[in-house]
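*Asks:*
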Amino acid sequence: MDFKRKSCILAAFFLVYVSRKACCVQGAKSNGKKSPYDAAITHYEMLSPSPSGNERAFCQARGGCQGKTLVCPDQCKVRKPVKNKKQKGCFIDCSSKCEVTCKFRRPNCNGYGSLCYDPRFVGGDGVMFYFHGARGGNFAIVSDDNLQINAHFIGSRPQGRTRDFTWVQALSIMFDTHTLVIAAKRVTKWDDNLDALTVKWDGQTVDGVPTDGDAEWRANGGEREVVVERTDDTNTVRVQVANLVELNIKVRPIGKEENRAHNYQLPENDAFAHLETQFRFFNLTDLVEGVLGKTYRPDYVSPVKIGVPMPMMGGEDKYQTPSLYSPLCNACRFQPQSGTATTNTPK
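Just so you know, the sequence shown maps onto residues -24 to -1, 1 to 323 in mature numbering (1 follows the signal peptide of the UniProt record, and there is no 0).
1) Less than 8 Å separating the beta-carbons of Thr211 and Leu242?
2) Determine the direct distance from the alpha carbon of Gly231 to that of Arg273, and round the result to whole angstroms.
3) Going by the CB atoms, is the gap between Lys226 and Pro83 shorter than 8 Å?
4) Using only the alpha-carbon positions, how far apart do Ala116 and Ala127 sit?
5) With a CB to CB cut of under 8 Å and the five nearest residues on each side skipped, what residues in its chain are close to Cys(-1)?
6) Excluding the five sequence neighbours on either side, which residues of its own chain have a C-beta within less than 7 Å of the C-beta of Gln2, listed in chain order?
7) Is it buried or exposed for Asn239, if we count other Cβ within 10 angstroms and need 16 for buried?
8) Going by C-alpha distance, which of Val215, Glu199 and Asp208 is nearest Lys176?
9) Tell me the DSSP bridge mates of Arg96?
10) Going by DSSP in three states, Thr271 sits in which element: helix, strand or coil?
11) What is the DSSP secondary structure of Asp293, reduced to helix, strand or coil?
12) Starting from Lys232, follow the alpha helix (DSSP H) in both directions and report where the run begins and ends.
13) What runs of the alpha helix (DSSP H), each 4 residues or longer, lie entirely inside the stretch 178 to 260?
14) Tell me which residue opens and which closes the beta strand (DSSP E) that Trp166 is part of.
15) Can you give me the C-alpha to C-alpha distance between Met150 and Ser24, rounded to a whole angstrom?
16) When the Cα of Gly111 is compared with those of Met22, Phe257, Ser72 and Ser299, which residue comes out closest?
17) Judging by CA-CA distance, which residue of Cys305, Asn30 and His19 is the nearest neighbour of Gly40?
18) Please work out which residues of its chain come closer than 6 Å, Cβ to Cβ, to Pro12, disregarding the five sequence neighbours upstream and downstream, and give them in chain order.
19) Determine the DSSP secondary structure at Ser6, reduced to helix, strand or coil.
20) Just to confirm the assignment, what range does the beta strand (DSSP E) spanning Ser119 have?
21) How would you call Lys270, buried or exposed, if buried means at least 16 neighbouring beta carbons within 10 angstroms?
22) In whole angstroms, what separates the C-alpha of Gln63 from that of Glu205?
23) Do Val144 and Val185 have their CB atoms nearer than 8 Å?
24) In the DSSP assignment, find the beta strand (DSSP E) that holds Ile68 and state where it starts and stops.
25) Could you compute how far the alpha carbon of Arg139 sits from the alpha carbon of Phe129?
26) What is the rounded straight-line gap between the Cα of Gly102 and the Cα of Tyr88?
27) Given Thr164, which residues of its chain have a CB within under 8 Å of its CB, disregarding the five upstream and five downstream residues?
28) Nearest-angstrom Cα distance between Glu234 and Asp120?
29) If you follow the beta strand (DSSP E) that Phe141 is part of, which residue opens it and which one closes it?
30) What's the call for Arg228, buried or exposed, on a 16-neighbour Cβ count within 10 Å?
31) Which residue wins for smallest C-alpha separation from Glu199, given the options Gln180, Thr187, His154 and Arg96?
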């Protein structure tokens, strides 16, 4: 009996000790001090800026990024700020990604979840690959239980080539009963001062995202707020669909020097305006599909050849959709609710 009583007393003391230890840790957090067990993504110390004025952070959490100094890149410096909006600095991620992204959210074409150029992806696993698709085609970039993102490809095939040069001209974001489309207009001659970006909400064209005040357009998509915010006076926006996805988008043309260097042989009356995009996803399932989406699976292993100049990703047969607005493909998972808006591919 004495042994049992002593065991109970020792167990009680242990529980009291654990409780007091937890309180101390919580108290340290409430005093603004980080516990060494804090999430790595936010466990860092800000350092003095670099000689060129770039923000710097020293990562403290255990893991692959421990002891590294992350520097805010030059591209995060605002060269042409939106009127009445203060936008500078970086978001620091001290997890295994060791990534720095701009607070004013220009797409980083070398960052995780990027889709740029003709078209080049960087997956959720950090592996870069190309997916050519087809000019005039539509492909599921992401298809999950609650979200589908399709891309419309434009392109050209010069005489003598066996495949198209392609770029992404429009993105369709489908969720719940809603469809949001961000697209680049067809532009004969490019002008940085003219807006070549269009927005459609449930099939209706949005008459311009504001450029003053909050410089944003908002919609209430049922339980999810949708925000399209300018991050430059023209052609650059951040798009947010609450608890689903954030996109940083820039519309850009194919310039004369780029056309010459790559031998695209594009016609002079079309600047081939297209989108550069970087995605950030929230609450994806472990079975997410899509050209980009599948790279976010926890068990995903990239099949592309690492180290070659253009590592190619196939899958056109799995991910092609009948239109920009269709959730249907051979591998698609998204099941739209009744009432999802559809219309023709934007021009």
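We treat Cβ as the ideally placed atom computed from N, Cα and C, and that holds for glycine. Model, not experiment: these values are computed from the prediction.
*Replies:* Taking the geometry as given:
1) To locate residue 211, count along the sequence shown from 1; it is residue 235. To locate residue 242, count along the sequence shown from 1; it is residue 266. Note on identity: in this sequence residue 211 is Asn, with Thr being the wrong assignment. Cβ distance not < 8 Å, so Asn211 and Leu242 don't count as in contact.
2) Within the sequence shown, residue 273 is the residue found at index 297, counting from 1. Within the sequence shown, residue 231 is the residue found at index 255, counting from 1. Computed Cα separation, rounded: 36 Å.
3) Within the sequence shown, residue 83 is the residue found at index 107, counting from 1. Within the sequence shown, residue 226 is the residue found at index 250, counting from 1. Going by C-beta atoms, Pro83 is nearer than 8 Å to Lys226.
4) On the sequence shown, position 140 is the one that residue 116 refers to. On the sequence shown, position 151 is the one that residue 127 refers to. Approximately 6 Å between the Cα atoms of the pair.
5) For the purposes of this step, residue -1 is taken as residue 24 along the sequence shown, with counting starting at 1. Any reading at Cys(-1) needs caution, since the residue's pLDDT is 40, under 50, leaving its predicted position unreliable; the model's value is listed next. Excluding residues within five positions, none has a Cβ falling inside 8 Å.
6) Translated into positions along the sequence shown, residue 2 becomes position 26. At Gln2, the pLDDT of 38 sits below 50, so the modelled position is not reliable and the matter cannot be decided from this model.
7) Residue 239 sits at position 263 when you count from the first residue of the sequence shown. By the Cβ-count criterion, Asn239 is exposed, with fewer than 16 other Cβ atoms from all chains shown falling within 10 Å of its own Cβ.
8) Within the sequence shown, numbered from 1, the residue matching residue 176 stands at position 200. Checking every option, the nearest Cα to that of Lys176 belongs to Val215.
9) In the sequence shown, counting from the first residue as 1, residue 96 sits at position 120. Cys92 and Tyr106.
10) Position 295 of the sequence shown, counted from the start, is the residue given in the question as residue 271. Here Thr271 sits in helix by DSSP.
11) The residue labelled residue 293 in the question sits at position 317 within the sequence shown. Three-state DSSP puts Asp293 in a helix.
12) Here residue 232 refers to the residue found at position 256 of the sequence shown. Lys232 to His238 is the extent of the alpha helix (DSSP H) around Lys232.
13) As far as the stretch 178 to 260 is concerned, its whole alpha helix (DSSP H) runs of at least 4 residues are 232 to 238.
14) Taking the first residue of the sequence shown as 1, we reach residue 166 at position 190. Counting along the chain, Trp166 falls outside any beta strand (DSSP E), and DSSP gives it neither H nor E.
15) Here residue 150 is taken as the residue at index 174 of the sequence shown, counted from 1. Here residue 24 is taken as the residue at index 48 of the sequence shown, counted from 1. Straight-line Cα distance between these residues: approximately 43 Å.
16) As a working mapping, residue 111 is identified with position 135 in the sequence shown. This sequence places Arg at residue 111; Gly is not what is there. Selected option, being the one with the closest Cα: Ser299.
17) Here residue 40 refers to the residue found at position 64 when the sequence shown is read from its first residue. Relative to the Cα of Gly40, the nearest Cα in the group Cys305, Asn30 and His19 belongs to His19.
18) Along the sequence shown, one-based indexing puts residue 12 at 36. Here Pro12 scores only 44 on pLDDT, less than 50, and its place in the model should not be relied on; the value that follows carries that caveat. Cβ neighbours of Pro12 beyond the five flanking positions: none.
19) Counting from 1 along the sequence shown, the entry for residue 6 is found at position 30. Confidence at Ser6 is low in this model, with a pLDDT of 38, below 50, so the placement of that residue should be treated as unreliable; the coordinate-derived value is given next. Correct three-state label for Ser6: helix.
20) Within the sequence shown, numbered from 1, the residue matching residue 119 stands at position 143. Residues Asn114 to Ser119.
21) In the sequence shown, residue 270 corresponds to position 294, counting from 1. That one is buried.
22) In the sequence shown, residue 63 corresponds to position 87, counting from 1. In the sequence shown, residue 205 corresponds to position 229, counting from 1. Confidence in Gln63 is poor, its pLDDT being 49 and thus under 50, which makes the residue's placement unreliable; the coordinate value appears in the next sentence. Gln63 and Glu205: Cα-Cα distance of roughly 12 Å.
23) Position 168 of the sequence shown, counted from the start, is the residue given in the question as residue 144. Position 209 of the sequence shown, counted from the start, is the residue given in the question as residue 185. Going by C-beta atoms, Val144 is not nearer than 8 Å to Val185.
24) One-based indexing of the sequence shown puts residue 68 at position 92. Taken as a continuous stretch (DSSP letters only), the beta strand (DSSP E) holding Ile68 covers Cys66 to Asp69.
25) Against the sequence shown, residue 139 aligns to sequence position 163. Against the sequence shown, residue 129 aligns to sequence position 153. Taking the Cα positions, Arg139 is about 13 Å away from Phe129.
26) Working through the sequence shown from its first residue, we reach residue 102 at position 126. Working through the sequence shown from its first residue, we reach residue 88 at position 112. The straight-line gap separating the alpha-carbon atoms of Gly102 and Tyr88 is approximately 6 Å.
27) For the purposes of this step, residue 164 is taken as the residue at position 188 of the sequence shown. Asn245, Asp246 and Ala247.
28) Residue numbering aside, residue 234 sits at position 258 when the sequence shown is read from its first letter. Residue numbering aside, residue 120 sits at position 144 when the sequence shown is read from its first letter. Distance between the alpha carbons of Glu234 and Asp120: 35 Å.
29) On the sequence shown, position 165 is the one that residue 141 refers to. Its beta strand (DSSP E) spans residues Phe141 to Phe151.
30) Translated into positions along the sequence shown, residue 228 becomes position 252. Buried is the call here.
31) Counting from 1 along the sequence shown, the entry for residue 199 is found at position 223. Looking at the Cα atoms, His154 is the closest of the given residues.
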